[in-house]
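First residue of the sequence shown? That's 0 in numbering that gives the first Met the number 0, and the numbers climb one at a time after it. For reference, the structure is listed below as structure tokens.
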Amino acid sequence: MNIFLFVTDLDHTLVGDKEALKKLNHKLEHHRKEYGTKIVYATGRSLTLYKELLREQLLLTPDALVASVGTEIYFDCQEYTTDSEWAEKLSFGWNRDLAVKVAETFPELIQQQESEQRPFKASYLLTEEDSIKVIPKLKSDLAKNDLKFNLIYSGAKDLDILPLYADKGLAVKFLQHKWQFGSHNTVVCGDSGNDIALFNAGEERGIIVGNARSELVEWYKANLKSYRYMAKSFYANGILEGLHYFNFI
Ligand code: GLC
Ligand code: MG
0 MNIFLFVTDL DHTLVGDKEA LKKLNHKLEH HRKEYGTKIV YATGRSLTLY
50 KELLREQLLL TPDALVASVG TEIYFDCQEY TTDSEWAEKL SFGWNRDLAV
100 KVAETFPELI QQQESEQRPF KASYLLTEED SIKVIPKLKS DLAKNDLKFN
150 LIYSGAKDLD ILPLYADKGL AVKFLQHKWQ FGSHNTVVCG DSGNDIALFN
200 AGEERGIIVG NARSELVEWY KANLKSYRYM AKSFYANGIL EGLHYFNFI
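Below is the structure:
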């Protein structure tokens, strides 16, 4: 058994089956105590919605929280202070006000709740049907305004406009560098579109839970690699299955 960096999405990945979560928590807590393994949550949720989830689910305190689709990193999960070095990296080419102005010209885009509008993230609801024509047009309009951005569509309903160098995968690279982990001893777990960046950042060991959304399953099938594993089991049970598959536990 060796130390590893454990990174997981929350909704419909770590969270979804309370019994399985309890079992996984137990294993991870033991591993952290025994080998110094680090636990990171990489979620689309803002800190506000993360705290809501904490009231509903028994989650271990992570060593770092990557929130708002990779745009915020919190190391101190008692005080929740953001990492300023990370914020500085994201500022490149980012103009939130202009991005929002462009997005507002699309009536199909409905603003998500206020807590999900963050300094480095503008988020909307968009139906799958509308997404087909809206996403390419939005991309080209943003580019015409000289904006540098990263557009992520998840769960057939959420559209995030982020800075160019912002996603969950890049946040994990930042943590790997800080804590000296490589791809071979990092494992990332997810279920939907905003997790593709986790799997695509490099050769991290990837666990796609059995209940994953079609956008991720399709991407997985089109990009088969020996370091990615599609579990049969759902939620935390899928994570456990994958951790065994890669011999992490
Ligand atoms: C979470 C966030 C939301 C985001 C979505 C997909 O649900 O709360 O703002 O759009 O993840 O990344
Ligand atoms: Mg998810």
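Idealized CB from N, CA, C, for every residue including glycine.
With DSSP run on the structure shown, which of helix, strand or coil describes residue i?
i           : result
residue 71  : strand
residue 194 : helix
residue 31  : helix
residue 47  : helix
residue 117 : strand
residue 131 : helix
residue 139 : helix
residue 234 : helix
Which partner residues does residue i have in the DSSP bridge list?
i           : result
residue 63  : 39
residue 273 : Because the chain spans 0 through 248 in this model, residue 273 falls outside it and cannot be assessed.
residue 123 : 110 and 158
residue 14  : 10
On the DSSP letters alone, give me the boundaries of the beta strand (DSSP E) that residue i sits inside.
i           : result
residue 150 : 149-153
In terms of residues, what are the limits of the alpha helix (DSSP H) holding residue i?
i           : result
residue 227 : From DSSP, residue 227 is part of no alpha helix (DSSP H) but of the beta strand (DSSP E) over 227-229.
residue 167 : 167-178
residue 146 : It is not in any alpha helix (DSSP H) - residue 146 carries neither H nor E in the DSSP assignment.
residue 200 : From DSSP, residue 200 is part of no alpha helix (DSSP H); its letter is neither H nor E.
residue 220 : 213-221
residue 79  : Element bounds for residue 79: n/a, residue is neither H nor E.
Give me the Cα-Cα distance between residue i and residue j, rounded to the nearest whole angstrom.
i           : j           : result
residue 212 : residue 191 : 5 angstroms
residue 41  : residue 61  : 10 angstroms
residue 104 : residue 144 : 13 angstroms
residue 182 : residue 201 : 7 angstroms
residue 47  : residue 19  : 25 angstroms
residue 225 : residue 141 : 36 angstroms
residue 128 : residue 44  : 24 angstroms
Looking at chain C, is there any beta carbon in it that lies within less than 8 angstroms of the beta carbon of residue i?
i           : result
residue 243 : Absent here is chain C; the protein component of the structure consists of one chain.
> Can we say the stretch 176-188 touches the stretch 0-10, given the rule of at least three CB pairs closer than 8 angstroms?
Replying inline: Inter-segment contact for the stretch 176-188 and the stretch 0-10 is present: three or more beta-carbon pairs are separated by less than 8 angstroms.
> Any contact of the stretch 83-102 with the stretch 37-54, i.e. 3+ C-beta pairs under 8 angstroms?
Replying inline: Flag = no, the stretch 83-102 and the stretch 37-54 do not touch.
> Are there three or more Cβ pairs, one per stretch, closer than 8 angstroms when the stretch 72-81 is compared with the stretch 91-102?
Replying inline: Because the criterion of three Cβ pairs below 8 angstroms is not met, the stretch 72-81 and the stretch 91-102 do not touch.
> Is it true that the stretch 128-143 meets the stretch 170-178, where meeting means three or more beta-carbon pairs spaced less than 8 angstroms apart?
Replying inline: By the Cβ test, the stretch 128-143 is not in contact with the stretch 170-178, since fewer than three Cβ pairs between them sit closer than 8 angstroms.
> With a cut-off of 8 angstroms, do at least 3 Cβ pairs link the stretch 201-208 to the stretch 28-44?
Replying inline: With fewer than three CB-CB distances shorter than 8 angstroms, the stretch 201-208 does not count as touching the stretch 28-44.
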